[in-house]
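J.: Each residue of the sequence shown is one higher than the one before, counting from 128 in our numbering. Yeah, the Cβ is synthetic: ideal placement off N, Cα and C, and Gly gets one too. Handing you a structure now.
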Amino acid sequence: MQILNSKKSIFNGIFIIVVLLMLFNIFLLKSAILGLILAVLWLFGAVAGIFGAKFAANQSNLYQKAMGLVLGLGLIILISSLFFYLFNFNSLAIILSYLIISGIIFYLILKFDIKPKFQKNIFRFDHNIIIYLILFILALFILFYNQTNQAIRSPWEAVPVLFFIIYFLATIFLLKTKNLILLSLHFFLTFIIAVVVYKIGYGFDPFVHRAAEYKLAELGYILPKPFYYIGQYTLVVFLSKIFFVPINLIDKILVPVLAAITLPVIGYYSLNKFVNNKNLLLIAYCLLLIAVTSLFFYTVPQSLANLFLLILIFLLFNNINKYLTWFLVIIIFLIHPLAGIPALILAGVKNFKKLFYILASILIPLFFIFGSLISDFKIKFSFNNFSNLRGLFENIFSYLPFYSVYHLIYLIKYNWIILFILIIIAGIYYLIKTGNKKLLVVSCKLLVVLLINLILLSFFEFKAVIDYEQAEFVKRLGQIILLVLAPVFLLGVYYILDKINNLKAGRYMVIVLVAGILTIGLYLNYPHVDAFEKNRGFSVSKADIEAVRAINLDGAEKNFVVLANQSTAAASLQEFGFKKYYTISNAKFQIPNLFYYPIPTSSPLYNIYLKMVYNGPSLEYIEEARKLTGVARIYFAINDYWLDAKKRVGQAREIADEEFNINDKIWVFRFD
């Protein structure tokens, strides 16, 4: 007993020293290296360790750490969001949030006599583990060596085929080791590709959210205060402050790293009580990657909320108590309501009666209707919009003859929904066979409720969303439904692999089959460009950054607007944030805040930009932009990858007052 008390006293002393040193560093030293070390000890050692030991006391050490990290980050989100909504989220609020969480940790240590466990013998080294680690490092080296700041449509335009060979081999050795730590590393390798390859950043939406996070860090508030996204924004700003790491980096790695740490551990331990062969479950669990990689390789509020939702789904299979369930529901709501509502339904399915199911079946459409009544996000009911739902399955039952590897890849892609349904049926059969009908009934009830919501939502037309993005919310809800079915899917995979495993040489067949499927899934889950699929979603490039800087320098303090594509507009957000807005009030438009770049795509400026690039530059379109905004100076930017770029550049040159050439990548024309 004295030895235990001595260990507890040592841990308490170290914890207090870490807390005080972090405060000393934040206020005085401001050392990035010391801040990073102390924050890692605080978050991963104390916060994750103590919360895990308290709320997952009878579980394995790895499960405790993963669970503790989820709860710790959730508490940061909750306390930080309360400060944001009740006061401001400035430096003082961040320090107070940090002290409150540290106080809760210290209280738990003293009150419940708990201390975190520490993992012993993480690796039982054998040649398979060593080979995997070598391949893992080599794969990361290839990614870093091929990272680019040029405009690309897919990471596979920069990453060589050699990477897929190494990934396939690494997967084989991973499956031979059956090691949960290595599984997390493999999840990390799978999720981190875009973060590494896209040197400036992937996509468009992440740039918008990072700009908001920078503004929150600068001002301590965002006006008007939104009822969504704040969970992510405050978490990123908080972590950036205590880790002494730029917001840009924290934001980029948040979801990929958190998913890699938590999903393998929490998901595996939540499902292992349903199976006999734990090693085979570990192999089957790898195939979760084909379902979730496209959701978790970048950070936006929807992806972070989906991650917490998937964790909650797994935890409910592990009989998590109702208090932690509702805690996570609140956290998900604070990040994104489109995941928060399914989380609410998920929590309520086990506890409420028939009336709840009726209300839950229309809850998401009701949320959008309510949102349209209190904001500018207008919607209308349209039977024609139902085609958006059908459009998600337009290639189903497609057949492709086998002429190349790409034909096999796209045969799988076009018919993935059929394969998914067959695996779900196998999972349902397995749950019935193993006597888990009650759990299956709950999953089926939730599925029916969400499908009704999906069908109703598909009839909505969103006024603030451009035509070709009308299916976006339907698609997101469809992805959430897939997440809800993830445990059943994985048990179905396990059942199928178990049958194969019992065949002669079945063990080797399972390993090669899973490695092959994961490699194909890796290719498909990231944006890809090939003979079958074209993609015009170019990334933000160095030229975009230089173009917006040149425009900003030339525009000086004058009012101006810029007609440019989404990548250049995203670059402006990274460089200058939400710099300029104009108020539009005429017979056609009532827009209190029109951004000076054409974003979002529903912006009337974007429509003018499309006219300029499709129909050709014209002073008529320039005058339309002037009348719309009341601004005399208009810039028009066109990238070299536009199909008619040379022709449009020549046309614009004839009518523009000034021209800038950004390394023959982007041409900028000024109209005064």
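In or out: N652 buried (at least 16 other Cβ within 10 Å) or exposed?
T.: buried
J.: To the nearest angstrom, how far is the alpha carbon of L310 from that of P744?
T.: 53 Å
J.: Figure out for me which residue from I206, Q277, A175, I258 has the closest Cα to the Cα of D791.
T.: Q277
J.: Bridge partners for E785 per DSSP, in chain order?
T.: According to DSSP, E785 bridges with R797.
J.: Quick one: using the 10 Å Cβ neighbour count with 16 as the cut-off for buried, is V795 buried or exposed?
T.: buried
J.: Which residues in the same chain have their Cβ closer than 6 Å to the Cβ of F142, if we skip the five residues on either side of it in sequence?
T.: A173
J.: For the alpha helix (DSSP H) containing E345, list its first residue and its last residue.
T.: 332-346
J.: Round the Cβ separation of I374 and A344 to the nearest angstrom and send it over; I've been treating them as touching at under 8 Å.
T.: 6 Å
J.: Check R760 in the structure and name its three-state DSSP category.
T.: When DSSP states are grouped into helix, strand and coil, R760 belongs to the strand group.
J.: What are the boundary residues of the alpha helix (DSSP H) that includes E702?
T.: Per DSSP, the unbroken alpha helix (DSSP H) holding E702 starts and ends at 693-703.
J.: In the structure shown, what three-state DSSP assignment does E751 receive?
T.: helix
J.: Which residues share a DSSP beta bridge with E588?
T.: K507
J.: Is it right to say G562 is buried, meaning 16 or more other beta carbons lie within 10 angstroms of its own, or is it exposed?
T.: exposed
J.: Helix or strand or just coil, what does DSSP make of T646?
T.: helix
J.: Round the Cβ separation of S207 and S229 to the nearest angstrom and send it over; I've been treating them as touching at under 8 Å.
T.: That pair is no contact at about 14 Å.
J.: Enumerate in chain order the residues of its own chain whose CB-to-CB distance from S694 is below 8 Å, with the five nearest sequence positions on each side excluded.
T.: A278, F331, F665, S666, V667, S668, D671, N766
J.: At a cut of 8 Å, does the segment 326-342 reach the segment 418-432 through at least three beta carbon pairs?
T.: yes
J.: Check this for me: beta carbons of I203 and F354, under 7 Å apart or not?
T.: no
J.: Return helix, strand or coil for L147, following the three-state DSSP convention.
T.: The DSSP-derived three-state label of L147 is helix.
J.: When burial is assigned at 16 or more other CB atoms within 10 Å of the CB, is N580 buried or exposed?
T.: buried
J.: If you reduce the DSSP assignment to three classes, tell me which class L721 lands in.
T.: strand
J.: Could you spell out where the beta strand (DSSP E) holding L690 opens and where it closes?
T.: It spans 687-690 - the beta strand (DSSP E) in which L690 sits, taken as one unbroken run.
J.: Using C-beta distances below 7 Å, list every residue in its chain close to A714, excluding the 5 sequence neighbours before and after it, in chain order.
T.: Since pLDDT at A714 reaches only 48, below the 50 mark, its modelled position is unreliable, and the value read off the structure follows with that caveat. Hits under 7 Å: none found.
J.: Can you tell me which residues form a DSSP beta bridge with L325?
T.: The displayed chain sequence assigns Tyr, not Leu, to residue 325. Per DSSP, the beta-bridge partners of Y325 are T275.
J.: Any idea what DSSP makes of A714, helix, strand or coil?
T.: Reliability fails at A714, whose pLDDT of 48 lies under 50, so the model's placement of it is uncertain and the value that follows must be treated cautiously. Note: A714 maps to coil in three-state DSSP.
J.: From what residue to what residue does the alpha helix (DSSP H) around L469 run?
T.: The residue asked about is misnamed: residue 469 is Pro in this sequence, not Leu. Run containing P469: 464-476, per the alpha helix (DSSP H) assignment.
J.: Can you list, in chain order, the residues of its chain with a C-beta nearer than 7 Å to that of A401? Leave out the 5 residues immediately preceding and following it.
T.: The sequence as given places Phe at residue 401; Ala does not occur at that position. Excluding residues up to 5 positions away in sequence, T561, N563, L618 lie with their Cβ nearer than 7 Å to the Cβ of F401 in the same chain.
J.: On a CA-only basis, which of L156, L301, V322 is nearest H68? Give me that one, please.
T.: Since the first and last residues shown for the chain are 128 and 799, residue 68 lies out of range.
J.: Does the separation of the CB atoms of I241 and K181 fall below 7 Å?
T.: yes
J.: Once you ignore the five residues that flank S397 on each side, which residues in its own chain have a CB closer than 7 Å to its CB?
T.: F441, L442, F444, N445
J.: So the candidates are F435, I447, Y450; which of them puts its Cα closest to the Cα of I468?
T.: F435
J.: Within its chain, find whatever has a CB closer than 8 Å to the CB of L265; leave out the 5 residues flanking it on each side and keep chain order.
T.: I293
J.: Considering only the alpha carbon of each residue, which of F587, I459, L461, L437 lies closest to S499?
T.: F587
J.: In the DSSP assignment, the alpha helix (DSSP H) including P731 goes from what residue to what residue?
T.: 731-741
J.: Return yes when the Cβ of L414 is within less than 7 Å of the Cβ of V197, no when it is not.
T.: no
J.: Hey, could you find the ends of the alpha helix (DSSP H) K238 is sitting in?
T.: Taken as a continuous stretch (DSSP letters only), the alpha helix (DSSP H) holding K238 covers 218-239.
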